[in-house]
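Working notes, beginning with the structure itself.
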Amino acid sequence: MQQSPHTKVFVQRDFSDGLSVKFQTRYPTELEGRVDKATYEITINTINDMFADAESIGTKTCFESCFACLTAYTSLLCMDTLYEKTLKKVRRYTEEQNHAIYMSRGVMLIDPAERGLRILEINIYSIETQQR
Numbered sequence: 548m549q550q551s552p553h554t555k556v557f558v559q560r561d562f563s564d565g566l567s568v569k570f571q572t573r574y575p576t577e578l579e580g581r582v583d584k585a586t587y588e589i590t591i592n593t594i595n596d597m598f599a600d601a602e603s604i605g606t607k608t609c610f611e612s613c614f615a616c617l618t619a620y621t622s623l624l625c626m627d628t629l630y631e632k633t634l635k636k637v638r639r640y641t642e643e644q645n646h647a648i649y650m651s652r653g654v655m656l657i658d659p660a661e662r663g664l665r666i667l668e669i670n671i672y673s674i675e676t677q678q679r
């Protein structure tokens, strides 16, 4: 049986630097008493850094694009793009953070890809619900 969250907090995208995937680092007041501000900011900044790396243009990205073009994009059928690898990396990171920090405090981060990279959802469970 799946628990239903007591409260949901939505961390909005930060469009101050354009359309790149970046989430606001403002500390939600709903997390007070559960997760300290520094831990929360480290988590959000790490996720933002992962997306910044994925969206940067470098030699790997250029090589990947040229190789895909030369193979009529059939190479993408058998290998993940750098962006897809980043999405998997972000998913693993949120799972690790949930197990290491957040779940024991009644909080769970939802992978941003599950919400179309529009928001970062944070579910806050009541202590009674979590102990059942």
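Using this note's numbering, read the sequence shown as starting at 548 and increasing by one per residue.
Using N, Cα and C, we set each Cβ at its ideal position, and we do this for glycine too.
When burial is assigned at 16 or more other CB atoms within 10 Å of the CB, is residue i buried or exposed?
i: Ile-604; result: exposed
i: Leu-667; result: buried
i: Asp-564; result: exposed
i: Met-548; result: Confidence at Met-548 is low in this model, with a pLDDT of 39, below 50, so the placement of that residue should be treated as unreliable; the coordinate-derived value is given next. Exposed, because fewer than 16 other Cβ atoms sit within 10 Å of the Cβ of Met-548.
i: Tyr-620; result: exposed
i: Thr-593; result: exposed
Taking residue i as the reference, give the member of the options with the closest Cα.
i: Ile-589; options: Met-650, Ser-651, Gly-663 and Thr-641; result: Thr-641
i: Tyr-649; options: Arg-560, Lys-584 and Met-597; result: Lys-584
i: Gln-571; options: Ile-671, Arg-581 and Pro-659; result: Pro-659
i: Glu-643; options: Lys-632, Leu-634, Thr-633 and Leu-656; result: Leu-656
i: Glu-579; options: Arg-662, Gly-653, His-646 and Arg-560; result: Gly-653
Bridge partners of residue i, per DSSP?
i: Leu-656; result: Ile-669
i: Asn-559; result: According to the sequence displayed, residue 559 carries Gln and not Asn. Ile-666.
i: Thr-554; result: Ile-671
So, at 7 Å on beta carbons, what are the nonlocal neighbours of residue i in its own chain, with the 5 sequence-adjacent residues on each side left out?
i: Leu-629; result: Ala-601, Lys-607, Thr-608 and Glu-611
Below 8 Å CB to CB, which residues in the same chain sit around residue i once its five sequence neighbours on both sides are set aside?
i: Val-637; result: Ile-594, Met-597, Phe-598, Asp-658, Pro-659 and Ala-660
Which same chain residues end up closer than 6 Å to residue i when comparing Cβ atoms and leaving out the 5 residues on each side of it in sequence?
i: Arg-573; result: none
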